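Numbering (the numbering used here), first residue to last: 1 to 381. We put the CB at the ideal spot given by N, CA and C, even for glycine. These figures come from a predicted structure and were not determined experimentally.
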C-alpha cells in the first residue's frame, strides 16, 4: 500500500456485503482510477457461515456453488409437500470459498488495499475520517457494515425476531439422503409452541447439513440445539450411526428496525447494518448482489449511493409478518404451511425476491388471511 492515507472509497468490513461491493467496483472500468480500502479487524480464514439462495439458470457465483438442488420438501405436523423448484434451483456457497475467491481477484488490483485494523470511529467532515487505534484514514465516501448502537436499544416501535440456529454436517455409514432434494422446513419436531423447524441440505447420499432453527425473540443454550439435532437425526431421519464432521452456529436479525435511515450523503450502511437482510426470511446473498449493483449505478450517475436501496412496499409486508411472528409466535408453522400450500414456487420466490407485482402480492396476502394478520396490519399502520 502507498503512504497515502486518503482513499476515494473505504469499505468497513470484509464480509459478504463489503467483498461483493469491492468486486463490483473493481470490475467496472468507471472506477479504475479510484483508490479503495477494505478495513477489517480480522482476516477471513475460516468457514464461518454458509449462504443459500434460489436463482433461475446460471448466475455470477456458479463457480463457487458447492451444491444445488432442484426439489424441496416441506413438512408441517399435518402435511408433506414436495416442491418442484423449476425454473429455479437452490444453491449453496460456503463462506470460505467466497472469501478466498474475492480476495484472490481483488489482490490483483493495485487500486484495492486490504487493511487489518479495528475501526473505532467514523467522523463526517468535509471528507470522512475513519479512525483506528493507530491511524486516521480519509475518504470521499465510506461504506460501513457496522451495525449502529441504536439497534441494541429496546425501542417498542420496532419488531425484533432472531433467526438463530445450530447445524451439524454429518457423515453416515449408509446412503440415506437424496442429493437432489433438500428440506426447506420440517416442523415435525418443535420446541414447544415456538416457531422452530429443521433444515436439511444433503451434500451427497451419505452427507448432509442438518440445522435446527428458531424464529424467536430470544436465543437458547448450545446444548438445546444439540438435543433437538440428536432427536431429529435419530427419530425423523432414522439414523443411528453417524459422525459430526463440522458444526456451524449463527443468529440473524429479522427486524423492522430502520437501518436505511443511518445512511447519509457521505456514509452508506451496507449488509445487515444497511437492512440488506430480508426481514421476513433472513436471506441476504442475492439481496446483497442486487443492492451492490444499485450502488454502482448510483455512483456512476452521481446519486446518493443509498438511493433506492429500500423498497417501502416490501418493507411494510415484512413488518406485518414480523409483527404476527412476534406477538403470536406459535403461528409460524401455520403461516409457512399456508405460504407453501397455496402459492406456486414462482410466485413465492418472486415475492421473496421483491420482484412480484401487486396482483401476485394480493394472492400471497389472501393465502395468509387471518385474524392475526388483520391485527398485525393495523398495529403496523
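Going by DSSP, what residues sit across from residue i in a beta bridge?
i: residue 251; result: 164
i: residue 52; result: 92
i: residue 127; result: According to DSSP, residue 127 bridges with nothing at all.
i: residue 82; result: 73
i: residue 185; result: 74
i: residue 142; result: 10, 267
i: residue 67; result: 92
i: residue 390; result: The structure shown has nothing for residue 390, since the chain only spans 1 to 381.
i: residue 122; result: 130
i: residue 200; result: 183, 210
i: residue 171; result: 207, 243
i: residue 136; result: 131
Suppose you measure from the CA of residue i to the CA of residue j; what does that come to, to the nearest Å?
i: residue 40; j: residue 113; result: 11 Å
i: residue 178; j: residue 82; result: 13 Å
i: residue 276; j: residue 364; result: 22 Å
i: residue 1; j: residue 15; result: Bear in mind that the predicted position of residue 1 carries a pLDDT of just 42, short of 50, making it unreliable; the figure below should be weighed with that in mind. Cα-Cα distance, rounded: 21 Å.
i: residue 269; j: residue 261; result: 9 Å
i: residue 100; j: residue 28; result: 20 Å
i: residue 10; j: residue 201; result: 36 Å
i: residue 395; j: residue 189; result: Nothing about residue 395 can be read from this structure; the chain reaches only from 1 to 381.
i: residue 247; j: residue 300; result: 42 Å
i: residue 292; j: residue 233; result: 39 Å
i: residue 148; j: residue 273; result: 7 Å
i: residue 374; j: residue 55; result: 32 Å
i: residue 385; j: residue 336; result: No answer is possible for residue 385: it lies beyond the span of the chain, which begins at 1 and ends at 381.
i: residue 282; j: residue 252; result: 6 Å
i: residue 98; j: residue 124; result: 32 Å
i: residue 128; j: residue 223; result: 45 Å
i: residue 315; j: residue 303; result: 22 Å
i: residue 67; j: residue 206; result: 14 Å
i: residue 144; j: residue 120; result: 12 Å
i: residue 76; j: residue 186; result: 6 Å
i: residue 372; j: residue 80; result: 24 Å
i: residue 103; j: residue 110; result: 13 Å
i: residue 349; j: residue 310; result: 18 Å
i: residue 229; j: residue 209; result: 11 Å
i: residue 380; j: residue 78; result: 31 Å
How should residue i be labelled, buried or exposed, when 16 other C-beta atoms within 10 angstroms of its C-beta is the threshold for buried?
i: residue 308; result: exposed
i: residue 60; result: exposed
i: residue 46; result: exposed
i: residue 52; result: buried
i: residue 42; result: exposed
i: residue 133; result: exposed
i: residue 3; result: With a pLDDT of only 45 at residue 3, under the threshold of 50, the placement of this residue in the model should not be trusted; the figure read from the coordinates follows. Per the 10 Å Cβ criterion, exposed.
i: residue 94; result: buried
i: residue 366; result: exposed
i: residue 154; result: exposed
i: residue 204; result: exposed
i: residue 166; result: buried
If you pair each beta-carbon of the segment 12 to 22 with each one of the segment 62 to 78, do three or more pairs fall below 8 Å? no
Mind pulling the alpha helix (DSSP H) runs of 4 or more residues that sit fully within the segment 202 to 266? 222 to 231
Ranges of the alpha helix (DSSP H) found wholly within the segment 296 to 355, counting only runs of at least 4: 312 to 327, 332 to 342, 345 to 352
Spell out a yes or no on whether the segment 272 to 288 and the segment 350 to 367 are touching, meaning 3 or more CB-CB pairs, one atom from each, closer than 8 Å. yes
Is it the case that the segment 230 to 249 contacts the segment 168 to 178, given that we only count it when at least three CB pairs across the two stretches are under 8 Å? The segment 168 to 178 vs the segment 230 to 249: in contact.
Mind the definition here: the segment 251 to 266 touches the segment 189 to 198 only if three or more C-beta pairs lie below 8 Å; say whether that holds. Because the criterion of three Cβ pairs below 8 Å is not met, the segment 251 to 266 and the segment 189 to 198 do not touch.
How do the segment 146 to 163 and the segment 209 to 221 stand: do at least 3 beta-carbon pairs fall below 8 Å, yes or no? yes
Answer yes if the segment 77 to 91 comes into contact with the segment 342 to 349, meaning at least three C-beta pairs across the two stretches below 8 Å, and no otherwise. Taking 8 Å as the limit for Cβ pairs, the verdict is that the segment 77 to 91 does touch the segment 342 to 349.
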